[in-house]
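Participant: Heads up, the sequence shown is in this note's numbering, so the first residue is 23 and it goes up one at a time.
Positions of the beta carbon are idealized from the N, C-alpha and C atoms, including for glycine.
Okay, here's the structure, questions in a sec.
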Amino acid sequence: MATNSKRFKLDDGSEDASSLQNFLQWCDRVGLKLNHNKVYVSRKGTQADYGMLAKEDIEEGEVLFIIPRSVLLHHGTSKVSAVLEQGKELLESSSGWVPLLMALLYEYTSPESPWAPYLSLWTDFSRLDQPLFWSKEERGTLLRGTGIPEAVERDLANIQKEYSTVVLPFIAQHTDLWNPSIHTLQLYTRLVAFIMAYSFQEPLEEEEEKEGSDDDEEEEEKASNLPMMVPMADMLNHVSNHNAHLEYTPEFLKMICVRPIRKGQEVFNTYGQMANWQLLHMYGFTEPYPSNCNETADIPMANLYKVAAQGVQSDLDRQLVEEKRALILKMGEKAAFIFGKQGCLTDMELHTTLKVLCMSREEFQEFRENEGWEEDEEADDEKVSLAFSNEGLPGLPAPWKWLIHAAARLTLDSYGSAEGGCLDRDRVLIEDKVQLQGLNPRQLRALQVRHGQKSILDRVLALTQSCTSHN
Numbered sequence: 023m024a025t026n027s028k029r030f031k032l033d034d035g036s037e038d039a040s041s042l043q044n045f046l047q048w049c050d051r052v053g054l055k056l057n058h059n060k061v062y063v064s065r066k067g068t069q070a071d072y073g074m075l076a077k078e079d080i081e082e083g084e085v086l087f088i089i090p091r092s093v094l095l096h097h098g099t100s101k102v103s104a105v106l107e108q109g110k111e112l113l114e115s116s117s118g119w120v121p122l123l124m125a126l127l128y129e130y131t132s133p134e135s136p137w138a139p140y141l142s143l144w145t146d147f148s149r150l151d152q153p154l155f156w157s158k159e160e161r162g163t164l165l166r167g168t169g170i171p172e173a174v175e176r177d178l179a180n181i182q183k184e185y186s187t188v189v190l191p192f193i194a195q196h197t198d199l200w201n202p203s204i205h206t207l208q209l210y211t212r213l214v215a216f217i218m219a220y221s222f223q224e225p226l227e228e229e230e231e232k233e234g235s236d237d238d239e240e241e242e243e244k245a246s247n248l249p250m251m252v253p254m255a256d257m258l259n260h261v262s263n264h265n266a267h268l269e270y271t272p273e274f275l276k277m278i279c280v281r282p283i284r285k286g287q288e289v290f291n292t293y294g295q296m297a298n299w300q301l302l303h304m305y306g307f308t309e310p311y312p313s314n315c316n317e318t319a320d321i322p323m324a325n326l327y328k329v330a331a332q333g334v335q336s337d338l339d340r341q342l343v344e345e346k347r348a349l350i351l352k353m354g355e356k357a358a359f360i361f362g363k364q365g366c367l368t369d370m371e372l373h374t375t376l377k378v379l380c381m382s383r384e385e386f387q388e389f390r391e392n393e394g395w396e397e398d399e400e401a402d403d404e405k406v407s408l409a410f411s412n413e414g415l416p417g418l419p420a421p422w423k424w425l426i427h428a429a430a431r432l433t434l435d436s437y438g439s440a441e442g443g444c445l446d447r448d449r450v451l452i453e454d455k456v457q458l459q460g461l462n463p464r465q466l467r468a469l470q471v472r473h474g475q476k477s478i479l480d481r482v483l484a485l486t487q488s489c490t491s492h493n
């Protein structure tokens, strides 16, 4: 591991070389131990921005670096931790991020911050490029149908509300620590994006059967799952087929090699099982098509209802569809059905919805009177999972296939005729290396998201196409 006399591998000639040098020296001072014999940090030869590369061959199980918990930056380690603890009830919000954001607002703008060499790597956060920072027109044109524009609009509304109703009143009570002219909404928004892209949440331990768990224990568990900034670990880029993993111990966090890494290869962590739309929304990047094995596409439940209501002639039948919809929502079904590369990932929810929507009036009345199915008639999880896999979809009952097919078609239509709107146009574009080189980074990432989603929906259409009329 690290020694006192070490030489840091830097991006020679890079404008950020000095910041990176200062950061690595800071790591040495605070006891963050990097395995200098095997890895180095660089901005050259990496997938995006900063990254970590193998200096020599690395075998499975080797430790790449160790981070003392004292180095982590969160509301409990910041200089303003006591103030944040005293005011924790005033800082409660739907996001749960305000305590960390208040700590970051203070530490980022304090020249004396112990984390200054770390935070200086993100000068003005200018390299953050989530759709949060795209123009509304860009989001609407490039990402129409993907669900990202709607998610960003919710984010912006929530950030504005949180800042005005929680942050500003708290700042007003502590003007010796925060200043509204410095700690502005713009900076707050950039810090939200910073947390989205770079923070970690420590996994909660598997809950065991406990007798006599009290509210204090529940609050402590909830607090332990708040986001935190983890220097060095956040330098690693993500791929779904990663080769390193962050492990948590009471004293340290360790990045461990989980499969052999050859000299010159990049060290990749994983941010979890994330589709490209999630990666772009939260982190500002995508995995090249078709390498993301976690790619997904949503079919909104609303589209399934629209299809179910098509062709309904009488007011009585329309009322029946609405009653079915209300009951399904009451049962807690999701707002969208998620399809992955191997089939539906929300199979139980889709099974329940289709079964209810295809009930006759008499069957539905009996279902309501019985408050659901009898226990011995409930669907077997394994059988349902198989039925809604790619292998099982063609064998579903004809009315079910028709509903899925028509809803998938309706969802594909939502991408519209905007740039790359149709599947064939995106397919041609993504396979043409010359055209790809002419795209700017935002256009390329949006294309990866669109094409990945639409390819899954197109497969759903193909697997349910044998029945394209309601039986």
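Roughly how many angstroms lie between the CA atoms of residue 381 and residue 479, to the nearest whole one?
Facilitator: The alpha-carbon atoms of residue 381 and residue 479 are separated by roughly 26 Å.
Participant: Measure from the alpha carbon of residue 287 to the alpha carbon of each residue in 49, 75 and 54, then state which is nearest.
Facilitator: The shortest C-alpha separation from residue 287 is found at 75.
Participant: Using 8 Å as the cut-off, can you tell me whether the segment 77 to 94 makes contact with the segment 116 to 133, which would need three or more C-beta pairs spanning the two stretches below that distance?
Facilitator: Flag = no, the segment 77 to 94 and the segment 116 to 133 do not touch.
Participant: When the Cα atoms are used, what is the spatial distance from residue 194 to residue 212?
Facilitator: C-alpha separation (whole angstroms): 21 Å.
Participant: For residue 51, is the classification buried or exposed, using 16 other Cβ atoms within 10 angstroms of its Cβ as the cut-off for buried?
Facilitator: It counts as exposed.
Participant: Could you give the distance in angstroms between the alpha-carbon of residue 326 and the alpha-carbon of residue 130?
Facilitator: Whole-angstrom Cα-Cα distance: 47 Å.
Participant: Roughly how many angstroms separate the alpha carbons of residue 257 and residue 291, rounded to a whole number?
Facilitator: Roughly 9 Å between the two C-alpha positions.
Participant: DSSP on residue 307, reduced to helix/strand/coil?
Facilitator: Residue 307: coil per DSSP, three-state reduction.
Participant: State the beta-bridge partners of residue 268 as determined by DSSP.
Facilitator: Bridge partners of residue 268: 277.
Participant: Distance check for residue 411 and residue 230, CA to CA, integer angstroms please.
Facilitator: A caution first: residue 230 carries a pLDDT of 39, below 50, which makes its placement in the model unreliable, though a value can still be read off. So the alpha carbons of these two residues sit roughly 32 Å apart.
Participant: Under 7 Å Cβ to Cβ from residue 199, same chain only, skipping five residues before and after it: list those, please.
Facilitator: Only 102, 105 and 128 meet the Cβ criterion.
Participant: So, with DSSP's three-state summary, where would you put residue 484?
Facilitator: Looking at residue 484 - three-state DSSP - the assignment turns out to be helix.
Participant: Go ahead and pull the three-state DSSP assignment for residue 366.
Facilitator: Note: residue 366 maps to strand in three-state DSSP.
Participant: Start and end of the alpha helix (DSSP H) containing residue 162?
Facilitator: 158 to 164 is the extent of the alpha helix (DSSP H) around residue 162.
Participant: Run through DSSP, which three-state label would residue 417 get?
Facilitator: Of the three classes helix, strand and coil, the one that applies to residue 417 here is helix, per DSSP.
Participant: Please check the pair residue 86 and residue 261, which I expect to be a contact at CB under 8 Å, by giving their CB distance rounded to whole angstroms.
Facilitator: About 16 Å separates the two Cβ atoms, so there is no contact after all.
Participant: Between the alpha carbons of residue 255 and residue 472, how many angstroms are there, rounded?
Facilitator: So the two alpha carbons sit approximately 30 Å from each other.
Participant: Residue 349 to residue 341, Cα distance in whole Å?
Facilitator: The straight-line gap from Cα to Cα measures roughly 12 Å.
Participant: Got a sec? Which residues, its chain only, sit under 6 Å from residue 333 by beta carbon, not counting five neighbours each side?
Facilitator: Nothing meets the Cβ criterion.
Participant: Does DSSP classify residue 319 as helix, strand or coil?
Facilitator: Residue 319: strand per DSSP, three-state reduction.
Participant: Give a yes or no on whether the C-beta atoms belonging to residue 250 and residue 122 are separated by under 8 Å.
Facilitator: Their beta carbons are under 8 Å apart, which means residue 250 touches residue 122 by this criterion.
Participant: Do the CB positions of residue 91 and residue 274 come within less than 8 Å of each other?
Facilitator: Yes, Cβ-Cβ distance for residue 91 and residue 274 is below 8 Å.
Participant: Apart from the five residues just before and just after residue 467, which ones in its own chain have a Cβ nearer than 7 Å to its Cβ?
Facilitator: Excluding residues within five positions, the ones whose Cβ falls inside 7 Å are 302, 307 and 308.
Participant: Run through DSSP, which three-state label would residue 39 get?
Facilitator: Correct three-state label for residue 39: helix.
Participant: Taking the C-alpha atoms as reference points, what is the distance between residue 330 and residue 368?
Facilitator: If I take the Cα positions, the gap works out to 19 Å.
Participant: Going by other Cβ atoms of all chains shown within 10 Å of its Cβ, with 16 needed for buried, is residue 365 buried or exposed?
Facilitator: Buried, by the Cβ-count rule.
Participant: Using CA atoms only, rank isn't needed, just tell me which of 161, 284, 94 and 43 is closest to residue 137.
Facilitator: It is 94.
Participant: Return the chain-ordered list of same chain residues with a C-beta closer than 8 Å to the C-beta of residue 113, the five sequence neighbours on each side being excluded.
Facilitator: Here the set comprises 106, 120, 121, 124, 188 and 192.
Participant: DSSP three-state call for residue 44: helix, strand or coil?
Facilitator: Three-state result, residue 44: helix.
Participant: Compute the Euclidean distance between the alpha carbons of residue 64 and residue 72, then round it to the nearest angstrom.
Facilitator: In a straight line, the C-alpha of residue 64 is about 6 Å away from that of residue 72.
Participant: In the DSSP assignment, the beta strand (DSSP E) including residue 130 goes from what residue to what residue?
Facilitator: Segment 120 to 130 is the alpha helix (DSSP H) holding residue 130; no beta strand (DSSP E) there.
Participant: Spatial neighbours of residue 436 within its chain, please: CB distance less than 7 Å, with the 5 preceding and 5 following residues excluded, ordered by chain position.
Facilitator: So the list reads 167, once near-sequence residues are dropped.
Participant: At what residues does the alpha helix (DSSP H) containing residue 218 begin and finish?
Facilitator: Here the alpha helix (DSSP H) through residue 218 covers 207 to 220.
Participant: Are residue 7 and residue 41 touching if we call contact CB-CB under 8 Å?
Facilitator: The shown model of the chain, from 23 to 493, leaves out residue 7, and the question about it has no answer.
Participant: Near residue 438, which residues of its chain fall below 7 Å by C-beta distance, leaving aside the five closest residues on each side in sequence?
Facilitator: If we look at residue 438 and ignore the five residues flanking it on each side, its Cβ neighbours are 166 and 167.
Participant: In three-state terms, what does DSSP make of residue 245?
Facilitator: Its pLDDT being 46, under 50, residue 245 is placed unreliably in this model, and the value from its coordinates should be taken loosely. In this structure, residue 245 counts as helix in the three-state DSSP scheme.
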